[in-house]
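Student: Residues in the sequence shown are numbered consecutively from 89, following this note's numbering.
We treat Cβ as the ideally placed atom computed from N, Cα and C, and that holds for glycine.
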Amino acid sequence: VQLQASGGGLVQAGGSLRLSCEASGSIFSIKAMNWYRQAPGKQRELVAGIGSGGRTNYADPVKGRFTISRDNAENTVYLHMNSLKPGDTAVYYCNIRTGLVGQYEYWGQGTLVTVSS
């Protein structure tokens, strides 16, 4: 299984970006699709997640600004980021959990988002 993330870049504060992550390979039953991020000197943290039924969850700092969505036919997860802040600067990683109970976990390579003030 491979995850290919894209969409990162440099944006001014207040701007928007959309991240995409496509999963390919021998995939069986994607349960959860998630976005994590890791800022310099900080631990990786969960940003947003979406279950197979469409239920979503968000970290408090991004609630109301970020929206996660998925296209099951394309095995793709998106992260729409609005009203970006310098504090959102990080490498963003996509993550999926597959299998009957989501016991298998895969990570993408990361895409850098830089928000300038």
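Locate the beta strand (DSSP E) running through S94, then write down its first and last residues.
Tutor: Residues 90–94.
Student: Give the single residue among Q90, S117, A101 whose Cα lies nearest to the Cα of N160.
Tutor: Nearest C-alpha to N160: S117.
Student: Taking D148 as the reference, which of V99, R158, E133 has the closest Cα?
Tutor: That would be E133, whose Cα lies nearest to the Cα of D148.
Student: One question on the structure: do T231 and C109 come within less than 8 Å of each other, judged by their Cβ atoms?
Tutor: Not covered by the structure: residue 231. The range shown for the chain is 89 to 205.
Student: Note down the Cα distance separating R185 from S204, rounded to an integer number of angstroms.
Tutor: R185 and S204: Cα-Cα distance of roughly 33 Å.
Student: Does the beta carbon of G152 fall short of 7 Å from some heavy atom of the ligand SAH?
Tutor: Summarising the ligand content, the structure contains no ligands, and the ligand SAH is consequently not present.
Student: Going by Cα to Cα distance, which pick from Y181, T177, G187 is closest to G129?
Tutor: Ranking the options by Cα distance to G129, first place goes to T177.
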